[in-house]
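A.B. asks: Here this note's numbering is used: the first residue of the sequence shown is 180, the next is one more, and so on.
Yeah, the Cβ is synthetic: ideal placement off N, Cα and C, and Gly gets one too.
Since the structure is predicted, the reported quantities are computational estimates derived from the model, not experimental observations.
Below you will find the structure I want to go over with you.
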Amino acid sequence: MLALDFSIFPQLETDRLQLTRTNVDHVNELLKMRSDPEVMKFIPRPMARTAEEIIEFIAAIDEKISNHEMINWAITLKGDAKMIGTIGYYHIKPEHFRAEIGYMLLPEFQGRGFITEAIDVVVSYGFAEMKLHSVEAVLDPNNLASASVLEKCGFIKEGHFKENEFYNGKFIDTAIYSKVNS
Ligand SMILES: CC(C)(COP(=O)(O)OP(=O)(O)OC[C@H]1O[C@@H](n2cnc3c(N)ncnc32)[C@H](O)[C@@H]1OP(=O)(O)O)[C@@H](O)C(=O)NCCC(=O)NCCS
180 MLALDFSIFP QLETDRLQLT RTNVDHVNEL LKMRSDPEVM KFIPRPMART
230 AEEIIEFIAA IDEKISNHEM INWAITLKGD AKMIGTIGYY HIKPEHFRAE
280 IGYMLLPEFQ GRGFITEAID VVVSYGFAEM KLHSVEAVLD PNNLASASVL
330 EKCGFIKEGH FKENEFYNGK FIDTAIYSKV NS
C-alpha cells in the first residue's frame, strides 16, 4: 500500500511555470475559471457562483491535502503570482498505487502548451516521489483538447464507457486514459 505524505508541500516547477499550494490569493482566478461555462463544459461538477463557495472549496482541498488524501496545485507563470490554472491528483487509490489526474486552465492561457508542461512535471512527481504505478484521466469523450494533451504526454486511451455516469439528470459516457510507470 502506498504511504502518502504531503506534510511538506511539494512545490514543482517547469521551464515556464510554478506549481504551488492553492490559497485565498487565488480566489478571483478560481472563481473566474470555475464559473466559466466553456471551461466547465466537459466537467461534471456544478459551476461556482460566489467567492464564498470558492473559499470553502479551497478549505476543503486544504484539509484533504493535510490528511494526505489528495493533492492539487495552483499553476502560475514564473515571475507572476496570478493563478492561470490548476492541476492535481483528485482521487488517489493507495491500494492500487494509482491516482486520477485533473487539470484546467483559464481560457486566455489555453493553446500555449502550458498544461502539457504541468502534466509532465506532475506525472514525474507522481511516479518518482509518490511512488504511483499508474496515473489515469477520466474525461468526457468529446473533450478533444484534453484527449490531445494527454496523448502528447504519453497517455494511452484504454476505454470508452457508455453512459456509466449519471450527471444533471443524464447518463454520460466517459473515456479513460492512463500512463503506466514502466
Ligand atoms: C484541457 C485543457 C487544459 C487543454 O489546454 P490547452 O492549453 O488548450 O492545451 P494545448 O494547447 O497544449 O493543446 C491542446 C491541443 O488540443 C487541440 N484542441 C484544442 N481545442 C480543440 C477542439 N475543440 N477540438 C479539437 N482539438 C482541439 C489543440 O489544437 C492542441 O493540439 P495540438 O497541440 O496538436 O495543436 C484546456 O482546454 C482546458 O482547461 N479545458 C477546460 C477544462 C477541462 O476540460 N479540463 C480537462 C478535464 S479532463
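Please tell me whether ASP215 and PRO286 are closer than 8 Å, where the distance is taken between their beta carbons.
C.D. replies: By 1-based counting over the sequence shown, the position of residue 215 is 36. By 1-based counting over the sequence shown, the position of residue 286 is 107. Yes; because the gap between Cβ atoms is below 8 Å, this pair is in contact.
A.B. asks: If you draw a straight line from the C-alpha of GLY348 to the C-alpha of GLU308, how long is it?
C.D. replies: Walking along the sequence shown from the start, residue 348 turns up at place 169. Walking along the sequence shown from the start, residue 308 turns up at place 129. C-alpha separation (whole angstroms): 40 Å.
A.B. asks: Beta carbon of VAL359: closer than 7 Å to some heavy atom of ligand 1?
C.D. replies: Locating residue 359 in the sequence shown gives position 180, counting from the first residue. No; taking the cut-off as 7 Å, the Cβ of VAL359 has no heavy atom of ligand 1 nearer than that.
A.B. asks: Going by DSSP, what residue range makes up the beta strand (DSSP E) through VAL203?
C.D. replies: Here residue 203 is taken as the residue at index 24 of the sequence shown, counted from 1. Looking at the DSSP string, VAL203 is not in any beta strand (DSSP E), and its letter there is neither H nor E.
A.B. asks: Any chance the CB of LEU318 is under 7 Å from a heavy atom of ligand 1?
C.D. replies: Position 139 of the sequence shown, counted from the first residue, corresponds to residue 318. Yes, since a heavy atom of ligand 1 falls inside the 7 Å radius drawn around the Cβ of LEU318.
A.B. asks: Is the separation between the beta-carbon of CYS332 and that of VAL300 shorter than 8 Å?
C.D. replies: Here residue 332 refers to the residue found at position 153 when the sequence shown is read from its first residue. Here residue 300 refers to the residue found at position 121 when the sequence shown is read from its first residue. No, they are not a contact pair.
A.B. asks: Tell whether a beta-carbon distance below 8 Å holds between ASP204 and ALA239.
C.D. replies: As a position in the sequence shown, residue 204 is number 25, starting the count at 1. As a position in the sequence shown, residue 239 is number 60, starting the count at 1. Against a cut-off of 8 Å, the Cβ pair of ALA239 and ASP204 comes out as no contact.
A.B. asks: To test your reading of the DSSP string, which unbroken beta strand (DSSP E) runs of 3 or more residues are found completely within the segment 255-312?
C.D. replies: Listed in chain order, the complete beta strand (DSSP E) runs (minimum 3 residues) inside the segment 255-312 are 262-272, 277-284.
A.B. asks: Quick check: the Cα distance between GLU217 and GLY264, rounded to an integer number of angstroms?
C.D. replies: As a position in the sequence shown, residue 217 is number 38, starting the count at 1. As a position in the sequence shown, residue 264 is number 85, starting the count at 1. GLU217 and GLY264: Cα-Cα distance of roughly 14 Å.
A.B. asks: Is the closest heavy atom of ligand 1 to the C-beta of SER325 under 7 Å?
C.D. replies: Your numbering for residue 325 matches position 146 in the sequence shown. It does: the Cβ of SER325 is within 7 Å (strictly closer) of some heavy atom of ligand 1.
A.B. asks: Grab the span of the beta strand (DSSP E) containing PHE350 for me, first residue to last.
C.D. replies: Here residue 350 refers to the residue found at position 171 of the sequence shown. Run containing PHE350: 349-359, per the beta strand (DSSP E) assignment.
A.B. asks: Kindly indicate which residue of ALA316, GLU315, PHE288, LEU256 has the alpha-carbon position closest to the one of THR199.
C.D. replies: In the sequence shown, counting from the first residue as 1, residue 199 sits at position 20. The residue with the shortest Cα to Cα distance from THR199 is LEU256.
A.B. asks: Answer with buried or exposed for ILE187, where buried requires no fewer than 16 other C-beta atoms within 10 angstroms of its C-beta.
C.D. replies: Residue mapping note: residue 187 aligns to position 8 of the sequence shown, counting from 1. Exposed, because fewer than 16 other Cβ atoms sit within 10 Å of the Cβ of ILE187.
A.B. asks: In whole angstroms, what is the alpha-carbon distance linking ALA278 and GLY338?
C.D. replies: For this step, residue 278 is matched to residue 99 along the sequence shown. For this step, residue 338 is matched to residue 159 along the sequence shown. The straight-line gap from Cα to Cα measures roughly 17 Å.
A.B. asks: Could you tell me if the beta carbon of ILE254 falls within a distance shorter than 7 Å of some heavy atom in ligand 1?
C.D. replies: Your numbering for residue 254 matches position 75 in the sequence shown. Answer for ILE254: no, Cβ out of range of ligand 1.
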